[in-house]
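A.B. asks: I have a structure here, written as structure tokens, and I will follow up with some questions on it.
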Amino acid sequence: MRIGREFVRDGKTVAVTAEHLGADRWRVRVGPAEYLFRAQALGDGGVRLWPEGQDFERSFVAHGAPAGKDFAVRVHGHTHTLAAPGPRRGNGGPGGDGSVRAPMTGTVLEVRCQPGERIAADQTLVVLSAMKMEHKLAAGIDGVVEIVTAKAGATVDQGAALVVVRPERPATAS
Numbered sequence: 754m755r756i757g758r759e760f761v762r763d764g765k766t767v768a769v770t771a772e773h774l775g776a777d778r779w780r781v782r783v784g785p786a787e788y789l790f791r792a793q794a795l796g797d798g799g800v801r802l803w804p805e806g807q808d809f810e811r812s813f814v815a816h817g818a819p820a821g822k823d824f825a826v827r828v829h830g831h832t833h834t835l836a837a838p839g840p841r842r843g844n845g846g847p848g849g850d851g852s853v854r855a856p857m858t859g860t861v862l863e864v865r866c867q868p869g870e871r872i873a874a875d876q877t878l879v880v881l882s883a884m885k886m887e888h889k890l891a892a893g894i895d896g897v898v899e900i901v902t903a904k905a906g907a908t909v910d911q912g913a914a915l916v917v918v919r920p921e922r923p924a925t926a927s
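Below, the structure written as structure tokens:
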């Protein structure tokens, strides 16, 4: 079994995965860091963890629970809130050029727009599967969809243009 999600920590999106290796062994990845733990479920919903290869006396208890769209984790007497990331922008942020590009090589799961459609800056236009996670991509600008090259089921390379949005120009007074 493998569980994976993305969270925002200190303003940066971090991928977190937990993979069951058998018996009480788990591999946990937080961004690029990897940890091997032994785990024991507790009756109160918590989990006792200890680094593999170390004594049980070095164990600690963690509790986790959904907190709206976020996730709260309590470890060592401190509660850490991991925020769910918003849709990814085509060029990395608001005020973009409207070009939605694949942030990494992956498979297009869904295309949620069509040429001529008016869209909002944060509207999900394409859902991409990459690194065993779903990435919701948005243009970062309000506008009208001009070009859609993404096709559900297609594999795309990092940087590939998937959708182009023409910025909506405000009406001018005459």
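This note's numbering applies: residue 754 is where the sequence shown begins, and numbers increase by one. Heads up, the beta-carbon is just placed ideally off N, CA and C, and yes, glycines get one too. Quantities reported herein were computed from a predicted structural model and do not represent experimental measurements.
Please state the DSSP three-state secondary structure of Lys765.
C.D. replies: Start at 1 with the first residue of the sequence shown, and residue 765 comes out as number 12. Strand.
A.B. asks: Please report the straight-line C-alpha distance between Gly796 and Val909, rounded to a whole angstrom.
C.D. replies: Here residue 796 is taken as the residue at index 43 of the sequence shown, counted from 1. Here residue 909 is taken as the residue at index 156 of the sequence shown, counted from 1. If I take the Cα positions, the gap works out to 45 angstroms.
A.B. asks: According to DSSP, simplified to helix, strand and coil, what is Arg854?
C.D. replies: One-based indexing of the sequence shown puts residue 854 at position 101. Strand, per DSSP.
A.B. asks: Taking only three categories from DSSP, how would you classify Glu810?
C.D. replies: Taking the first residue of the sequence shown as position 1, residue 810 is located at position 57. The answer is helix: DSSP assigns Glu810 an H, G or I state.
A.B. asks: So, using beta-carbon positions, are Lys889 and Thr902 closer together than 7 angstroms?
C.D. replies: As a position in the sequence shown, residue 889 is number 136, starting the count at 1. As a position in the sequence shown, residue 902 is number 149, starting the count at 1. Cβ atoms of Lys889 and Thr902: not closer than 7 angstroms.
A.B. asks: Would you call Ala907 buried or exposed, if buried means 16 or more other Cβ atoms sit within 10 Å of its Cβ?
C.D. replies: Position 154 of the sequence shown, counted from the start, is the residue given in the question as residue 907. Its Cβ having fewer than 16 others within 10 Å, Ala907 is exposed.
A.B. asks: Return the chain-ordered list of same chain residues with a C-beta closer than 6 angstroms to the C-beta of Gly845, the five sequence neighbours on each side being excluded.
C.D. replies: The count along the sequence shown starts at 1 and reaches residue 845 at position 92. The pLDDT assigned to Gly845 is 39, lower than 50, so where the model puts this residue is not dependable; a value taken from the coordinates is nonetheless given after this. Around Gly845: no qualifying Cβ.
A.B. asks: Counting pairs of beta carbons, one from the stretch 852-872 and one from the stretch 915-922, are three or more of them closer than 8 angstroms?
C.D. replies: Yes: the two stretches touch, three or more of their Cβ pairs being nearer than 8 angstroms.
A.B. asks: Which of helix, strand or coil does DSSP assign to Arg919?
C.D. replies: As a first step, residue 919 is located in the sequence shown; it is residue number 166 there, counting from the start. DSSP places Arg919 in strand when its eight states are reduced to three.
A.B. asks: Taking Phe790 as the reference, which of Lys765, Lys885 and Trp803 has the closest Cα?
C.D. replies: Residue numbering aside, residue 790 sits at position 37 when the sequence shown is read from its first letter. Ranking the options by Cα distance to Phe790, first place goes to Trp803.
A.B. asks: What number of angstroms, rounded off, separates the C-alpha of Gly817 from the C-alpha of Phe824?
C.D. replies: Here residue 817 is taken as the residue at index 64 of the sequence shown, counted from 1. Here residue 824 is taken as the residue at index 71 of the sequence shown, counted from 1. The straight-line gap from Cα to Cα measures roughly 7 angstroms.
A.B. asks: Please classify Phe760: is it buried, with 16 or more other beta-carbons within 10 angstroms of its beta-carbon, or exposed?
C.D. replies: Sequence index remark: in the sequence shown, residue 760 carries index 7 (1-based). By the 10 Å Cβ count, Phe760 comes out buried.
A.B. asks: Between Glu887 and Val880, how many whole angstroms is the CB-CB distance? I'm expecting something under 8 angstroms.
C.D. replies: On the sequence shown, position 134 is the one that residue 887 refers to. On the sequence shown, position 127 is the one that residue 880 refers to. That belief holds up - the Cβ atoms of Glu887 and Val880 are roughly 6 angstroms apart, short of 8 angstroms.
A.B. asks: Near Gly869, what residues of its chain come up, given a Cβ to Cβ distance below 7 angstroms and the 5 sequence neighbours on each side ignored?
C.D. replies: Here residue 869 refers to the residue found at position 116 when the sequence shown is read from its first residue. Excluding residues within five positions, the ones whose Cβ falls inside 7 angstroms are Val897 and Val898.
A.B. asks: Please work out which residues of its chain come closer than 7 angstroms, Cβ to Cβ, to Phe809, disregarding the five sequence neighbours upstream and downstream, and give them in chain order.
C.D. replies: Here the question's residue 809 lines up with position 56 in the sequence shown. Within the same chain, Phe809 has close Cβ partners Trp803.
A.B. asks: Could you check where the beta strand (DSSP E) with Gly906 kicks off and where it finishes?
C.D. replies: For the purposes of this step, residue 906 is identified with residue 153 of the sequence shown, where counting begins at 1. Looking at the DSSP string, Gly906 is not in any beta strand (DSSP E), and its letter there is neither H nor E.
A.B. asks: Let's test the definition: count the other Cβ atoms within 10 Å of the Cβ of Pro847 and tell me whether it reaches 16, buried, or not, exposed.
C.D. replies: Working through the sequence shown from its first residue, we reach residue 847 at position 94. Low confidence applies to Pro847: its pLDDT is 39, below 50, so where it sits in the model is not reliable, and the reading given next is rough at best. That one is exposed.
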